[in-house]
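Under the UniProt record's numbering, think of the first position of the sequence shown as 1, with each following residue one higher.
Report on the following structure.
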Amino acid sequence: MDKDNLFKVADSLVNFLWIIKKYVLKENDIAKNFQSPEKVIEGCIPDFSIPPSHIKVIFYLAEFNSSPISQIAENLNISKSNMTPIIDNLISHGLVNRYSDSNDRRILRVELTKKTFDLLDSFRVAICNSFVDKISELSDDEISTLDESISNLITIIRKLK
Numbered sequence: 001m002d003k004d005n006l007f008k009v010a011d012s013l014v015n016f017l018w019i020i021k022k023y024v025l026k027e028n029d030i031a032k033n034f035q036s037p038e039k040v041i042e043g044c045i046p047d048f049s050i051p052p053s054h055i056k057v058i059f060y061l062a063e064f065n066s067s068p069i070s071q072i073a074e075n076l077n078i079s080k081s082n083m084t085p086i087i088d089n090l091i092s093h094g095l096v097n098r099y100s101d102s103n104d105r106r107i108l109r110v111e112l113t114k115k116t117f118d119l120l121d122s123f124r125v126a127i128c129n130s131f132v133d134k135i136s137e138l139s140d141d142e143i144s145t146l147d148e149s150i151s152n153l154i155t156i157i158r159k160l161k
């Protein structure tokens, strides 16, 4: 495809993202309909205010499963010296487990606990419920078209890595 058409598609994608933000992910709706991950976690673990760096680690592990601490630090641009208190804090609240790598005992790995997966599932359900409220206003045909279009977009966008 020529450069002009590629730019047109890229521009359409940017417009699509703006439309999603404007009509689907409106901040007021988000605040009303479901809590931020921090609030979900704080609600389940009293006296635990979770900083953004901790949330980054949790979402990183949710995507990549078990990971060496040094790799998390590198990929999230968090200094190794800051990773120790982050991981210690997450461990103390039962959100991650730390263990030695089975192939190299010098490497420390961390993984999410069942408790954390349950918290993430609660957050996902809250988001889905918010979307159900929005899309319920559409006709059955529009919902089917939306579902098929989203499936197609996901398939194509996953190829962009």
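Cβ atoms here follow ideal geometry from the backbone N, Cα and C, with glycine treated the same way.
Being a predicted model, the structure only gives us computed values, none of them experimental.
Would residue i and residue j be called neighbours here (beta carbons separated by less than 8 Å)?
i, j, result
"residue 165", "glutamate 111", "Not covered by the structure: residue 165. The range shown for the chain is 1 to 161."
"leucine 90", "valine 57", "yes"
"serine 67", "lysine 80", "no"
"leucine 153", "leucine 146", "no"
"histidine 54", "isoleucine 86", "yes"
I need the straight-line Cα distance from residue i to residue j, nearest angstrom please.
i, j, result
"phenylalanine 64", "serine 144", "32 Å"
"isoleucine 78", "tyrosine 99", "20 Å"
"glutamate 74", "valine 132", "37 Å"
"aspartate 88", "arginine 109", "13 Å"
"isoleucine 135", "leucine 25", "12 Å"
"lysine 8", "lysine 114", "44 Å"
"asparagine 33", "proline 52", "Bear in mind that the predicted position of asparagine 33 carries a pLDDT of just 49, short of 50, making it unreliable; the figure below should be weighed with that in mind. Each residue's alpha carbon lies about 21 Å from the other."
"leucine 160", "leucine 119", "29 Å"
Got a sec, what are the start and stop residues for the alpha helix (DSSP H) residue i sits in?
i, result
"phenylalanine 122", "Reading off the sequence shown, one finds serine at residue 122, where the question assumed phenylalanine. Note, serine 122: alpha helix (DSSP H), 114-135."
"histidine 54", "52-64"
"asparagine 5", "3-19"
"asparagine 82", "80-92"
"asparagine 75", "69-76"
Tell me residue i's beta-bridge partners as DSSP assigns them.
i, result
"leucine 108", "Ser100"
"serine 144", "Beta-bridge pairing links serine 144 to no other residue."
At a cut-off of 7 Å, is residue i close to the ligand GDP when judged by its beta-carbon and the heavy atoms of the ligand?
i, result
"isoleucine 58", "Inclusion of the ligand GDP in the displayed structure is not the case, the ligand content being empty and no account of it being possible."
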